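Sequences listed follow chains P and R, in order.
Going by my numbering, the first residue of the first sequence is number 1, and it counts up by one from there.
Going by my numbering, the first residue of the second sequence is number 56, and it counts up by one from there.
For every residue, glycine included, the Cβ atom is placed at its ideal position computed from N, Cα and C.
A quick note: this is a predicted structure, and the numbers were derived from the prediction, not measured.
See structure below.
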Amino acid sequence: MTATCTICEAKVDLPNDCCEGELLVCGDCGTELEVIALDPITIEEAPQVQEDWGE
Amino acid sequence: MPTLRILFTRLRAEEKLLREAAEKQNIPCELQNVSNIWYGSRPFCDKGDVVLARCISHNQNEAVAQILESQGIKVVNSSSVMALCGNKLSTSIALASAGIDQPEFRTAFTPEAAIEALEDLGYPAVCKPVSGSWGRLLAKINDRESAEAVFEHKSMLGPMHNTFYIQEYIEKGDYDVRAFIVDGEPICAITRKSNHWITNTARGGIASNLHLDDEVKSLLRSVHQTIGGEFLAVDLFKRDDRWLVNEVNDGGEFRNSIEPTGTDIPAAVVKAVWEKRPA
């Protein structure tokens, strides 16, 4: 499975067990991407880290 | 059928490892992204389910736990544990009440009072957001001029940053410890080494196994008795052969701790959580 980077339009490979919410990094431009939906495959630029994120 | 529901808003390696561990133990398990659902009086899971809340936002995780608990759903960790761990001042007060050793701390509500509090502790000291993670926005303050700058900047960052939490700086050498407690029992620990004073593995600290001796186990059991919870990740410093509890995390990340410790942390967590499902 592949998707198209929303920033640079490069092809991005998705793992076989890919899930909604999974994060990917575009190999070309380095943008962090989030899988929004699997059917059809939809990706968006991942949101920036928020103040209360973490452990 | 009763199901282990792992809630998330951003899927990290930890949540996938937890699901894999559940599958290996034949535990019915669903990863559930709760970002885009709304919450009313109808629960989105059954009363026989048990929920492992792993949302990356502390505030959202605590909120979803509160909602589900009000609907009679068992949530791990509970929202009250999240509230204690998610606020460093609350954690420090709880530890102090239990007589557990920790770095000395002070709290103030204005920049001017924060400087006085810091000078009472002595330089250097560390200013931390009361709610935050991954070593974000920590400031080691070495002198009064730095203190004035840091506290003035913090005073502009919004209400949360106007509770100034200041901690004694601990000369801990080049490492600290991250220990894991599952169902009240310490299961493993790592040392995190770094040349930087912030040693989080999320910031590049190198992890190695730490053997849990009786002294550390006893301390960790005391922390669990004080905080509660089925899964805790506790950060420790050692100063002059004495252990101090630095922080207690309720949504611990563990991907970097499995290999060095040889402990299947996700397996232990899902087993403990599954055993908490309603009879």
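Contiguous beta strand (DSSP E) assignments of at least 3 residues, all confined to the stretch 78–132 of chain R: 84–88, 105–108, 129–131
Contact defined as beta carbons within less than 8 Å: I believe residue 253/R pairs with residue 160/R. What is the distance between those atoms, to the nearest angstrom? Indexing the second sequence from 1 puts residue 253/R at position 198. Indexing the second sequence from 1 puts residue 160/R at position 105. Going by Cβ atoms, the distance from residue 253/R to residue 160/R rounds to 17 Å, so no, they are not a contact pair.
So, does the CB of residue 54/P fall closer than 8 Å to a CB anywhere in chain R? Along the first sequence, one-based indexing puts residue 54/P at 54. Chain R contact via Cβ: present.
What residue range does the beta strand (DSSP E) around residue 48/P cover? Here residue 48/P refers to the residue found at position 48 of the first sequence. It is not in any beta strand (DSSP E) - residue 48/P carries neither H nor E in the DSSP assignment.
Assess, as a yes-or-no matter, whether the stretch 206–226 of chain R is touched by the stretch 272–283 of chain R under the definition of 3 or more beta carbon pairs within less than 8 Å. no
Would you kindly check if the distance between the Cβ of residue 74/R and the Cβ of residue 111/R is under 8 Å? Along the second sequence, read from residue 1 onward, the residue named residue 111/R stands at position 56. Along the second sequence, read from residue 1 onward, the residue named residue 74/R stands at position 19. Not in contact: residue 111/R and residue 74/R (Cβ atoms no closer than 8 Å).
Strictly by DSSP, which residues pair up with residue 31/P? Your numbering for residue 31/P matches position 31 in the first sequence. Its beta-bridge partners do not exist; DSSP assigns none.
Just to check my reading of the structure: residue 69/R and residue 308/R have Cβ atoms closer than 8 Å, yes? What is that Cβ distance to the nearest angstrom? On the second sequence, residue 69/R is found 14 positions in, with the first residue counted as 1. On the second sequence, residue 308/R is found 253 positions in, with the first residue counted as 1. Right, the Cβ-Cβ distance comes to about 6 Å (below 8 Å), so this counts as a contact.
Chain P residues whose Cβ lies nearer than 7 Å to that of residue 88/R: In the second sequence, residue 88/R corresponds to position 33, counting from 1. Those within 7 Å of residue 88/R in chain P are 20, 21.
Does any C-beta atom of chain P lie closer than 8 Å to the C-beta of residue 63/R? Locating residue 63/R in the second sequence gives position 8, counting from the first residue. It does: the Cβ of residue 63/R has a partner Cβ on chain P nearer than 8 Å.
Within this structure, are the beta carbons of residue 72/R and residue 108/R separated by less than 8 Å? Sequence index remark: in the second sequence, residue 72/R carries index 17 (1-based). Sequence index remark: in the second sequence, residue 108/R carries index 53 (1-based). Taking 8 Å as the Cβ cut-off, residue 72/R and residue 108/R do not qualify as a contacting pair.
Tell me whether residue 157/R sits in a helix, a strand or coil according to DSSP, three-state version. Position 102 of the second sequence holds residue 157/R. DSSP places residue 157/R in coil when its eight states are reduced to three.
Identify each residue in the stretch 97–122 of chain R for which the Cβ-Cβ distance to at least one residue of chain P is less than 7 Å, and report them in chain order. 111, 112, 113, 114
Taking DSSP's pairing of strands, which residues face residue 182/R in a bridge? Taking the second sequence and counting its residues from 1, the one referred to as residue 182/R is at position 127. In the DSSP output, where bridge partners are listed per residue, residue 182/R has 194/R, 221/R.
Note down the Cα distance separating residue 128/R from residue 100/R, rounded to an integer number of angstroms. Counting from one through the second sequence, the residue named residue 128/R turns up at place 73. Counting from one through the second sequence, the residue named residue 100/R turns up at place 45. Cα-Cα distance, rounded: 8 Å.
Contact set between residue 66/R and chain P, taken where Cβ atoms lie within less than 9 Å: Residue mapping note: residue 66/R aligns to position 11 of the second sequence, counting from 1. The contacting residues are 19, 20, 21, 22, 23, 34, 35.
Find the residues of chain P that neighbour residue 304/R, judging by a C-beta separation of less than 7 Å, and give them in chain order. Numbered from 1 along the second sequence, position 249 holds the residue referred to as residue 304/R. The contacting residues are 55.
Please report how far the alpha carbon of residue 156/R lies from the alpha carbon of residue 138/R, in whole angstroms. Taking the second sequence and counting its residues from 1, one reaches residue 156/R at position 101. Taking the second sequence and counting its residues from 1, one reaches residue 138/R at position 83. Rounded to the nearest angstrom, the two C-alpha atoms are 21 Å apart.
Buried or exposed: residue 292/R, going by 16 or more other Cβ atoms within 10 Å of its Cβ? The residue given as residue 292/R occupies position 237 in the second sequence. Buried, because 16 or more other Cβ atoms sit within 10 Å of the Cβ of residue 292/R.
Cα-Cα separation, residue 22/P to residue 34/P: Here residue 22/P refers to the residue found at position 22 when the first sequence is read from its first residue. Here residue 34/P refers to the residue found at position 34 when the first sequence is read from its first residue. About 6 Å.
Can you tell me whether residue 74/R is helix, strand or coil according to DSSP? Walking along the second sequence from the start, residue 74/R turns up at place 19. In this structure, residue 74/R counts as helix in the three-state DSSP scheme.
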